[in-house]
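I have placed the structure first, in the form of structure tokens, so that the comments after it can refer back to it.
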Amino acid sequence: MRGESTVGQLFSRIPRGLILVFAALVLLLLAGSVIAPSSVSRGALLGMLPFAAVLAIAGLGQTLVVQQGGIDLSVPGAISVTIVISTPQANGQDSRLFPALMMALGVVIVAGLINGFLISRRGLNPIIATLGMNALLYAVVLGLSGGIPRGTTALAAKIAGRLTFGIPNSVYFAVAATVLVTVISKKTVAGRRFEAVGANPTAARAAGLRAKRHGMAAYVWAMILYWLAGALLAGILSQPTAYQGDAYLLSSVAAVVLGGTSLLGGKGYPIATVLSAVFLAQLGQFVLALGVSTAIRTLVEAAALAVGVGLHTIDWTAVRKRLFRTDSQVEPSVVHTGA
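In my numbering, the protein residues as written are 866 to 1204.
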């Protein structure tokens, strides 16, 4: 009995979203091995993992914003502007890669500060503010590239695109980012305050916490993570396009929601977000292995997002009670008779 209670306590500490997405990933891999074996081959998994790592890092950034009750729709612009600055500015020369990346980092940090100021300080709607910023970032993208793809540098390809001990280098970056975000948000005073502000800004202000500052910080740190995702993507792809970031708008939100982070703010689950990113990347690979179009893949991602929202926002206990209540549980109607 004591052993059972210990196991129960252990499982109760694991976030529900993490359990659900882990189970979904296992089922997806099993289904893939039966229906589309090519989707779970070693080559296919090694091809999927770098893009899962990029999505995981972008998802971590989105998690920080969602924890503050916001949403960031400037993810595509931030990733694309990083790619465009780090490829044409480097111009295939390894010696110019680091300055180009620092230039891109400066651009996205400014974008994050503007997002944070407009939303946290001026009270602008997050959707409107970040959509506007996304448009501005794409204006920079088109101004610098003219929409023409450029080749990456050999150094970027070596850092992001190669394998170390049989694992893509981008995976190590994703693991490092996950550990950093998890430790800071869960094990430090600043992280606990960050979650407290997201859960209840009014109570946090009453307790003396600077809610607006935490809101601004979320958008800035999110941009830094998008920058890392874009820098890795520029090295993974030999010739990235100017619109490479478009694929990460819906999927970054889906990874956060599937991982169990509430869109209303509060606690975030970085590890569950990363696992959700792996699930979504493998789901895309599975769908493509079936020979369907990219449009169907987008629909599948949208369906996964809808399922995630439903799982974590609907009170299923109340739904079951309503569906399966007996006649004896239905309150009798009161009939009024005239005197």
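Cβ atoms here follow ideal geometry from the backbone N, Cα and C, with glycine treated the same way.
What does the Cβ neighbour count give for residue i, buried or exposed, with the cut at 16 atoms within 10 Å?
i	result
M967	exposed
A888	exposed
F1038	buried
G912	exposed
D959	exposed
L938	buried
R1187	exposed
N846	Here the chain comprises residues numbered 866 to 1204, so residue 846 is not present and cannot be evaluated.
T1067	exposed
F1151	buried
P902	exposed
A1000	exposed
G908	exposed
A1171	exposed
G977	buried
Which value, in whole angstroms, describes the spacing of the CA atoms of residue i and residue j?
i	j	result
V931	T1029	33 Å
K1023	L1093	15 Å
H1079	M998	20 Å
T1163	G1149	9 Å
L914	A1096	16 Å
S1158	I950	31 Å
V1174	G1130	14 Å
G1206	W1086	In this structure the chain extends from 866 to 1204, so residue 1206 is not present and cannot be described.
R1057	K1051	6 Å
P1014	T947	13 Å
L883	L996	30 Å
T952	A1107	10 Å
V972	A896	43 Å
E1060	G1156	43 Å
I979	V1005	15 Å
L1045	L1153	33 Å
I1161	S1035	27 Å
Measure the CB-CB distance between residue i and residue j and report whether it falls below 8 Å.
i	j	result
A1112	L1145	no
I922	Y1084	no
G934	A1120	no
I944	G1110	yes
T1053	I1136	no
V1118	I936	yes
P880	G1125	yes
V1143	A994	no
V891	Y1091	no
V919	L1098	yes
L894	V886	no
Y1003	G942	yes
I1089	G1026	no
I1049	A1055	yes
V1062	A1071	no
M1081	G1012	no
L1128	S1141	no
L1020	L962	yes
A1064	K1132	yes
T1017	P1105	yes
By DSSP, does residue i sit in helix, in strand, or in coil?
i	result
T1029	strand
Q1104	coil
S1127	coil
I1049	helix
S906	coil
K1132	coil
R1187	helix
A1068	helix
N990	coil
S945	helix
R1015	coil
L1155	coil
P880	coil
S951	helix
D1111	helix
L885	helix
Q958	coil
Q932	helix
R1075	coil
A1083	helix
S1116	helix
A1042	helix
S985	helix
With 8 Å as the threshold, decide whether the Cβ of residue i is near any Cβ in chain B.
i	result
A1041	As a matter of chain content, chain B is missing from the structure shown, which is built from one protein chain.
Assuming residue i and residue j form a contact by the criterion Cβ under 8 Å, report the distance between their Cβ atoms to the nearest whole angstrom.
i	j	result
E1166	S1103	Contact doesn't hold; Cβ gap of about 25 Å is too wide.
Run the proximity test for residue i: is its beta-carbon closer than 7 Å to any non-hydrogen atom belonging to the ligand COA?
i	result
Q1109	Inclusion of the ligand COA in the displayed structure is not the case, the ligand content being empty and no account of it being possible.
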